[in-house]
Amino acid sequence: MMPARRKLFVGAVIILLGLVFAAYNGARSSMVYYLTTTEFAGRPELRAARVRIAGRVQEGSVLKSGGESRFVITDGTTGYNVRFRGPLPDLFAEGKDVLVEGRLDGDGILLASQVISTHPVEYKEKHPGR
Amino acid sequence: MVNFVGEIGRFALLAGLVVALFGIAATTLGLTRRHGGYLASGRRAVTVWALLMALASAALLTAFLSRDFSVRFVAMASESTQPLLQTIMAFWGGHDGALLLWALILAGYMVVAVWSLRSHPDLQGPATATLLVVAAFFSVLLAGASNPFAPLVPPPPDGQGLNPLLRNPWMSAHPPMLYLGFVGMSVPFALAVAALITGRLDDTWVALSRRWIVVPWIFLTLGLLLGAKWSYEVLGWGGYWAWDPVENAAFMPWLTATAFLHSIQIQERRGMLVAWNVALILLTFGLTIFGTFLVRSGVLSSVHAFAKAPLIGYLFLGFLSALLLVSFGLLAWRWGALKSGGTVESVISRETAFLANNLLFVTAAIVVLVGTMFPVLTEAFRGVKINVGPPYFNTVMVPISIGILLLMGIGPLLPWRLATREQLARNFTLPSAAAVLGALMLGLLGVRHAGALLVFAGALFVSGTIVLETVRGTRVRIRRGEHAPLALARLFMRNRRRYGGYVVHFGVLLMLVGVAASSAFDTQAGATLRPGERFGVGRYTIEYGGLRHSELPGIDVTEASVRVWAGARFLGSYSPQRYFYRAQEQPMHHVAIRSSLREDLYLILSEWTPDGGGTIRVLVHPLVSWLWAGGVVAVLGAAFAVLPERRRRAS
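Going down the list, the sequences are from chains A and B.
Residue 255 is where the first sequence starts when you use the working numbering, and the numbers rise one by one after that.
Residue 378 is where the second sequence starts when you use the working numbering, and the numbers rise one by one after that.
Put into structure tokens, the structure is as follows:
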């Protein structure tokens, strides 16, 4: 019969393997690439991936109609059209910094699942878009 | 005009650096030359440093109260229309003031710790030196890169004002509590380093460390709870925890400290895991410094890790590396002397339960660490930042939490060394029956969510074991002729650690039930309505009554009037609001929450139209109040457990 210490060791390894497996699955299903607009444009292999794009809301680009918002996110060099259904965060405004999470559709429009405002002051607000 | 307050503050911070360095030198000399006079100088340096930090804090507070906008930090974090409480809160409403608060709290802990170690002179010296090293690090930051008294020339007519997100009463308590927790971990760290240096990791060290880690643990728990409460009320999305890096930074040291509070008991009873326990303390303190670094350096929020990281980020990293290197170096050096006294003799024993507890808590800390640092790691190895979201954390933390929940019931009732079949049957038959019956009943009532059912059943099981233990203990006393209420009270008073621990466990299981229920069974709906229109959410009917606009100093307020019914019963009128801070051009939610033991009704005014229509979003979260109540119970239990036991009169 195995001594108690070895049994515990085997048990611990099994538990750890299970947790690592769960972590791996969780990470794979929730991975989001975090890039600026220009970097995103320079990485065609990420066209189908879920991405979080950092940029600025282009002045004069915001259009709202029937619960859907459209705007352009840009870093000054490269811009993407964004479509988002849902309430925009409190700090969302033209010219302000913004993070857009989502995927590109076939026409190169960024379909946002989440729009997050970033704020220059510390204690950044967390999840206003949810 | 000479800026008097600013001068005093700058002087105090600079003098603080000098005094801390002097104290380190004096204490080191005293230790190496075994010279009591030098050691006494070192202790006096602690007192003087504390007084200087108090002076600097008083100066900063004066600057805030006198609205001295020639001090940059005051101009950044306050404005003249701000009410008194918010002006005081502005002290920690920004980076530099927060660091000063940190130093002030460290000063308080140091004075008490050094004083209370007078009966352990061998530990007192090295602990003093270690604490002074931490003090010197914060003095370097405060005297240099993060000086809260940096001048602003020319002074603006008015300040920027406190970040509207922080203008919430919970924010008056959250940062101080969190810092009391974080900073307090430096005392057990200093004790561990002292014990490693002297080579005496004996029962004295165990008793001292346990007490000195429970105190910051209580504050850290409170800080986490207050932060969750703030998030729930202020951020307006109806959640209290989002695996945000800032939250994770505070959660990681809590996990390792909790692991220590359990594994120290194996060392106490069986002499095992000495080195492991020291490592947990070193790690806990390291994680508090690391957490501060994460929050303060902006490493995670910006697209590129070190592109914009300020000097202070590198200082923190340097300090952290030196700290871990030296302390773990000491541990390695003492490794031979830290042989475990005992071994696990049987799989089904209290020891196994504690080991499993530690496995789960430490794995949880690692999982949170990896998830938090994922973008930094992937940027380093693959050149692109990849974030992982809540699903990553949840898929691992849910099974870990359920495991910990079950252990809370199993562990305390397992005997040390070896459990017999009879003991197992005697201790676990009733609680298991309660759990199975409860789960069946909940299933029949329509609870179909497997994870939630498991948590509810586990909670019943744990409650069963706690009740069983309490009833047995009370019965023994009743048999000895005590009246039932007195017997129960004495049982608790005479075994504070044990029963305080049960109270903490009970609080934690209330929290887990609250978390499980509110995340598994939340409902939400929203509708854009004309005044007088209604819509239904679950059992509630919501009637929108229209908008009202008003003004507070510096703030435009838009308020919706909402009436709520549950079935035919009128529950009341609520007014979810939106604030618009004019100076900061920042809108803010002021949600309306109807909280009951059963569920929270969370009302948000999300948008409105100029002609008086409004969009109301409604979230229904069951049992959220259990989370807050459980947190309070856990904190009270821990406080009860750590109160000094009254010495029995010698008979």
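Glycine residues also receive a C-beta, built at the ideal position from the N, C-alpha and C atoms.
Note that the coordinates shown come from a computational prediction; the quantities given were computed from them, not determined experimentally.
Do you know how far the Cα of residue j is from the Cα of residue i?
i: arginine 940 of chain B; j: serine 950 of chain B; result: 4 Å
i: glutamate 928 of chain B; j: arginine 959 of chain B; result: 11 Å
i: threonine 935 of chain B; j: glutamine 901 of chain B; result: 22 Å
i: valine 423 of chain B; j: serine 704 of chain B; result: 21 Å
i: tyrosine 879 of chain B; j: isoleucine 843 of chain B; result: 7 Å
i: valine 382 of chain B; j: threonine 458 of chain B; result: 21 Å
i: glycine 668 of chain B; j: valine 773 of chain B; result: 21 Å
i: proline 553 of chain B; j: leucine 478 of chain B; result: 8 Å
i: leucine 948 of chain B; j: leucine 822 of chain B; result: 25 Å
i: alanine 302 of chain A; j: leucine 289 of chain A; result: 14 Å
i: glutamate 624 of chain B; j: histidine 412 of chain B; result: 45 Å
i: arginine 867 of chain B; j: valine 853 of chain B; result: 12 Å
i: leucine 795 of chain B; j: glutamate 722 of chain B; result: 7 Å
i: leucine 539 of chain B; j: proline 528 of chain B; result: 18 Å
i: alanine 480 of chain B; j: valine 560 of chain B; result: 8 Å
i: methionine 285 of chain A; j: proline 298 of chain A; result: 17 Å
i: alanine 656 of chain B; j: valine 747 of chain B; result: 19 Å
i: phenylalanine 515 of chain B; j: leucine 476 of chain B; result: 7 Å
i: valine 892 of chain B; j: valine 1001 of chain B; result: 7 Å
Can you find a CB in chain B that lies within less than 8 Å of the CB of residue i?
i: glycine 296 of chain A; result: no
i: aspartate 392 of chain A; result: As displayed, chain A neither begins before 255 nor continues past 384, which places residue 392 of chain A out of reach and without an answer.
i: arginine 301 of chain A; result: no
i: serine 319 of chain A; result: no
i: serine 283 of chain A; result: yes
i: arginine 310 of chain A; result: no
i: alanine 366 of chain A; result: no
i: leucine 270 of chain A; result: yes
i: glycine 280 of chain A; result: yes
i: arginine 357 of chain A; result: no
i: arginine 259 of chain A; result: yes
i: valine 286 of chain A; result: yes
Judging by CA-CA distance, which residue of the options is the nearest neighbour of residue i?
i: tryptophan 793 of chain B; options: B:Thr755, B:Thr729, B:Glu756; result: B:Thr729
i: asparagine 734 of chain B; options: B:Ala811, B:Leu632, B:Thr669; result: B:Leu632
i: valine 651 of chain B; options: B:Ala619, B:Gly713, B:Thr598, B:Val489; result: B:Gly713
i: glycine 1008 of chain B; options: B:Leu597, B:Val510, B:Ser640; result: B:Leu597
i: leucine 329 of chain B; options: B:Glu610, B:Leu782, B:Leu408, B:Leu518; result: With chain B running from 378 to 1028 in the structure shown, residue 329 of chain B is simply not present.
i: valine 997 of chain B; options: B:Lys716, B:Asp899, B:Ser434; result: B:Asp899
i: alanine 452 of chain B; options: B:Gly536, B:Tyr609, B:Leu819, B:Val655; result: B:Gly536
i: glycine 314 of chain A; options: A:Ile307, A:Arg306, A:Ser323, A:Ala308; result: A:Ser323
i: proline 341 of chain A; options: B:Leu1000, B:Gly1014, B:His966; result: B:His966
i: glycine 613 of chain B; options: A:Asp359, A:Arg357, A:Leu345, A:Leu364; result: A:Leu345
i: valine 813 of chain B; options: B:Leu568, B:Ala834, B:Ser896; result: B:Ala834
Quick one: is residue i near chain A, going by C-beta distance under 8 Å?
i: alanine 682 of chain B; result: Model confidence at alanine 682 of chain B stands at a pLDDT of 46, short of 50, so the residue's coordinates are unreliable; what they give is reported in the following sentence. No, because no Cβ of chain A sits closer than 8 Å to the Cβ of alanine 682 of chain B.
i: valine 765 of chain B; result: yes
i: leucine 1004 of chain B; result: no
i: asparagine 771 of chain B; result: yes
i: valine 839 of chain B; result: no
i: lysine 685 of chain B; result: Here the model assigns lysine 685 of chain B a pLDDT of 48, short of 50, so the residue's position is not dependable, and the following value carries that caveat. Cβ-Cβ to chain A under 8 Å: no for lysine 685 of chain B.
i: proline 768 of chain B; result: yes
i: histidine 966 of chain B; result: yes
i: threonine 633 of chain B; result: no
What three-state label does DSSP hand residue i in the structure shown?
i: isoleucine 781 of chain B; result: helix
i: tryptophan 985 of chain B; result: strand
i: tryptophan 614 of chain B; result: coil
i: aspartate 580 of chain B; result: helix
i: phenylalanine 446 of chain B; result: coil
i: alanine 684 of chain B; result: Bear in mind that the predicted position of alanine 684 of chain B carries a pLDDT of just 46, short of 50, making it unreliable; the figure below should be weighed with that in mind. The answer is coil: DSSP assigns alanine 684 of chain B none of H, G, I, E or B.
i: proline 622 of chain B; result: helix
i: alanine 412 of chain B; result: Just to set this straight, residue 412 of chain B is histidine in the shown sequence, not alanine. Residue state, collapsed to three classes: coil.
i: lysine 261 of chain A; result: helix
i: proline 531 of chain B; result: coil
i: lysine 378 of chain A; result: Because lysine 378 of chain A carries a pLDDT of 35, less than 50, the predicted location of this residue cannot be relied on, and no value is offered for it.
Looking at the C-beta of residue i, does it have a partner C-beta in chain E at a distance below 8 Å?
i: leucine 273 of chain A; result: In the structure shown, chain E cannot be found, because the protein chains are A and B.
Original post:
Okay, do the segment 543-561 of chain B and the segment 596-610 of chain B touch, 3+ Cβ pairs below 8 Å being the bar?
Top reply: Output reads yes: the segment 596-610 of chain B touches the segment 543-561 of chain B.
Subject >> Stretch-stretch touch, CB-based, cutoff 8 Å, three pairs: the segment 332-348 of chain A with the segment 272-280 of chain A >> reply: Short answer: they don't touch.
Original post:
Would the segment 465-472 of chain B and the segment 410-420 of chain B be scored as touching if the rule is three or more Cβ pairs under 8 Å?
Top reply: No, the segment 465-472 of chain B does not touch the segment 410-420 of chain B.
Original post:
Would you call the segment 870-886 of chain B and the segment 985-999 of chain B touching, i.e. three or more CB-CB distances under 8 Å?
Top reply: The segment 870-886 of chain B, when compared against the segment 985-999 of chain B, does not touch it at the 8 Å Cβ threshold.
**OP:** Count the C-beta pairs between the segment 756-766 of chain B and the segment 777-785 of chain B that are closer than 8 Å, then say yes if the count reaches three, no if not.
**Re:** Too few Cβ pairs lie closer than 8 Å, so no.
**OP:** Please determine if the segment 830-841 of chain B and the segment 783-800 of chain B are in contact, where contact requires at least 3 C-beta pairs separated by less than 8 Å.
**Re:** As far as the Cβ criterion goes, the segment 830-841 of chain B touches the segment 783-800 of chain B, which means the pair count is three or higher.
Subject >> Touching by the beta-carbon criterion (3+ pairs, under 8 Å), the segment 504-518 of chain B and the segment 483-493 of chain B >> reply: Output reads yes: the segment 483-493 of chain B touches the segment 504-518 of chain B.
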